[in-house]
Ligand code: ATP
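Numbering (my numbering), first residue to last: 27 to 395.
Listed below in structure tokens is the structure:
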């Protein structure tokens, strides 16, 4: 069964400085049982607002939300179930542990609210602490613990109620990179043990890719694509998704007399198959590691090495293509020196319409609201 279902969910805000803004525009999505589903996108794209509506901290402007088969928010029915009755576990960016309570009291708190009896609370807290490696720290106060341990308290407090759905909003962003990786693994382990559904909000694309079964990439309040991490990387449906996941290189091209010329070069075409619906000006997208770099006697677009950068596991070259500079990354065994003539060939490039800068301006405006 789908555990979290959003139907036509929209949220509008009226802001003092920039007037009306559609923070979440007609979101439709279903998160399956036991799935780890991430919301990913630049600042201001609507991730947190969506999570807050699911949690019940924010009302909807339109649409409905269902959790575990039960409607919890519906604008048309004027239905709104408060957060504490939605049966969700939540962990947020700021650890939100209570400094005046020791670890046991922090973890036990949600069960005390539910008025569970003391023996059951002790048993549940013991279990939750064992699963989050906090055993033995029952009487310690959070201020005496590390950031990682504090975040474990927040996790233990979220799992102690045995929720079916867990909402995690940038839960690892206050931790150092090594600890982030450990905690990421621990979250996945907990999910495997308890089989809860996770909705994970993050800015960090590699974190999202590592943890998610599926991800939703949003931009400016709209869902751009929902898919597995692999498909989003290999088959992005837009220039935006292409550029948001992994490293991208874009070449602006002009199509003339059935040939594809990089902007600024009307002599040497790129040998590319033109898609049937291509306009005169297009963008060819690729990844720096999906370009063949070969010697000047081989086939390909003729250019030269402008810059060579030695990276730990590969070498990066910058080569001019028309008026643009293309980044290429190849294994160390392929070696060229600065100034060498070379040729390049694209391996399975993708095509997108040329984008004006209006979208980028709107993106920046939203981050300022
Ligand atoms: P971040 O990654 O920075 O947290 P986000 O993707 O979570 O960003 P939201 O916080 O959901 O984005 O915000 C989406 C848009 O709605 C932004 O333009 C934001 O400024 C606006 N917004 C969010 N909350 C409010 C509010 N309470 N009043 C007015 N505007 C708001």
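Think of the CB as a built atom: it goes at the ideal place given N, C-alpha and C, for glycine as much as any other residue.
Examine the Cβ distances between the stretch 143-163 and the stretch 67-82 and report whether three or more of them are shorter than 8 Å. Touching, no.
Quick check on residue 268: buried or exposed, where buried means 16 or more other Cβ atoms within 10 Å of its Cβ? Looking at its Cβ environment, which holds 16 or more other Cβ atoms inside 10 Å, residue 268 is buried.
Let's test the definition: count the other Cβ atoms within 10 Å of the Cβ of residue 143 and tell me whether it reaches 16, buried, or not, exposed. Exposed, because fewer than 16 other Cβ atoms sit within 10 Å of the Cβ of residue 143.
Quick check: residue 348 and residue 303, are their CB atoms within less than 7 Å of each other? No. Outside cutoff.
Inter-stretch contact at 8 Å, needing at least 3 Cβ pairs: the stretch 254-272 / the stretch 220-227: No contact exists between the stretch 254-272 and the stretch 220-227.
Residue nearest to residue 325 in terms of C-alpha spacing, selected from 298, 334, 311 and 335: Ranking 298, 334, 311 and 335 by Cα distance to residue 325 puts 298 first.
Whole-number beta carbon distance between residue 64 and residue 229, since they are thought to touch under 8 Å: The pair is not a contact, with the Cβ atoms about 11 Å apart (cut-off 8 Å).
Determine, using beta carbons only, whether residue 193 and residue 250 come nearer to each other than 7 Å. Contact: no.
Residue 54 - DSSP class collapsed to helix/strand/coil: In the structure shown, residue 54 adopts extended strand secondary structure according to DSSP, grouped into three states.
Exposed or buried, which one is residue 73 when buried takes at least 16 other CB atoms within 10 Å? With 16 or more other Cβ atoms within 10 Å, it is buried.
If you count every other CB in all the chains shown that lies within 10 Å of the CB of residue 364, and 16 or more means buried, which is it? Per the 10 Å Cβ criterion, exposed.
In the DSSP assignment, find the unbroken alpha helix (DSSP H) run with residue 307 in it and report its ends. For residue 307, there is no enclosing alpha helix (DSSP H); the enclosing beta strand (DSSP E) covers residues 307-312.
Are the beta-carbon atoms belonging to residue 310 and residue 279 less than 7 Å from one another? The answer is yes: Cβ separation under 7 Å.
Check: residue 62 C-beta below 6 Å from any heavy atom of ligand 1: Residue 62: no, Cβ never under 6 Å from ligand 1.
Which residues does DSSP pair with residue 330 in a beta bridge? For residue 330, which the question treats as bridged, DSSP gives the partners 367.
By the DSSP assignment, the beta strand (DSSP E) with residue 34 in it spans what residues? First-last of the beta strand (DSSP E) with residue 34: 28-41.
From the DSSP output, in three-state form, read off residue 287 for me. In this structure, residue 287 counts as strand in the three-state DSSP scheme.
For the candidate residues 329, 112 and 104, whose alpha-carbon lies nearest to that of residue 190? The shortest Cα separation from residue 190 among 329, 112 and 104 belongs to 112.
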